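Protein chains in written order, with the numbering used here: chain W, 162 to 272; chain F, 461 to 571.
What follows is the structure, given as structure tokens:
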């Protein structure tokens, strides 16, 4: 089944403790992206990647890192999480210029 | 940057038609999408339209595009309680360009 998977789905952590949210897709898509969704703000793009080893900042990249060492994986790294990074995170993938397929989301709470 | 605007909330009764509106500013938009997000779930592509089209119909869904006014609408005929969700309008210029989302319209369908 074609899908985008994210892990974990739920995470509660403390300020400053490094964490990684994994994202994997099995559709051989070149393009992958991370978004955060906050009430009243909609979806905002954090980082995106056009292909392996090619990443670029989205609208709200501060406090986040990504890597794209393999085509199927695009992990989101929070080196030192802070409470303002409490949010719902979505990973998405697509062929260039086509509709994006979204993962189920990761709800992160930073206390 | 480019902007996509939507009304935040729409309430209808079961069996009525729903119309969700969206305006965008990017004159180079090539593809326009409607995504649906059910509670606790990721985004699911509902339908899309190319910028050279005026209308697209897909079962109960009708998408109308007024490119001159940069206005997009989604009409849901015979709205059901299962249609209650958040609907996101999104646009892209295609290729490797990023997807710009509206803030989402929460549709509430009452019996």
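Every residue gets a Cβ at the ideal spot worked out from N, C-alpha and C, and that includes glycine.
It should be emphasised that the depicted structure is a prediction, and the values quoted were computed from it without experimental measurement.
The DSSP assignment places no complete alpha helix (DSSP H) segment of no fewer than 4 residues inside the region 208 to 244 of chain W.
For residue 198 of chain W, the beta-bridge partners assigned by DSSP are W:204, W:249.
For residue 164 of chain W, no chain F residue has a Cβ inside 7 Å of its Cβ, as the nearest lies near 10 Å away. Around residue 220 of chain W, the same chain offers 205, 206 as residues with beta carbons nearer than 7 Å, after the five sequence neighbours per side are excluded. Counting of Cβ neighbours within 10 angstroms places residue 497 of chain F among the buried residues, the total reaching 16 or more. Of the candidates W:246, W:202, W:189, W:194, W:246 places its Cα closest to the Cα of residue 180 of chain W. The Cβ neighbour count for residue 561 of chain F, taken over all protein chains shown within 10 Å, is at least 16; the residue is labelled buried. Cβ-Cβ separation between residue 511 of chain F and residue 552 of chain F: approximately 10 Å, too far for a contact (criterion under 8 Å).
Taking CB atoms only, residue 563 of chain F has a neighbour in chain W less than 8 Å away. By the Cβ test, the region 231 to 248 of chain W is in contact with the region 256 to 270 of chain W, since at least three Cβ pairs between them sit closer than 8 Å. CA-to-CA, the gap between residue 522 of chain F and residue 547 of chain F works out to about 14 Å. Separation of residue 224 of chain W and residue 208 of chain W (C-alpha to C-alpha, rounded to the nearest whole angstrom) is 11 Å. Residue 463 of chain F carries a coil assignment under DSSP once its states are collapsed to helix, strand and coil.
Residue 469 of chain F sits exposed, since fewer than 16 C-beta atoms from the chains shown fall within 10 Å of its C-beta. As the crow flies, the alpha-carbon of residue 236 of chain W is around 28 Å from that of residue 507 of chain F. Contact with chain W is absent for residue 545 of chain F, since none of that chain's Cβ atoms lies less than 8 Å from the residue's Cβ.
For residue 517 of chain F, the enclosing beta strand (DSSP E) has its first and last residue at 515 to 518.
Fewer than three beta-carbon pairs drawn from the region 171 to 179 of chain W and the region 252 to 259 of chain W are found closer than 8 Å, and the two stretches are therefore not classed as touching. The beta carbon of residue 185 of chain W lies closer than 6 Å to those of 166, 233, 234 in the same chain, with the five residues before and after it left out.
Here the C-alpha atom of residue 193 of chain W lies approximately 11 Å from the C-alpha atom of residue 227 of chain W. Residue 480 of chain F places its beta carbon less than 8 Å from that of residue 565 of chain F.
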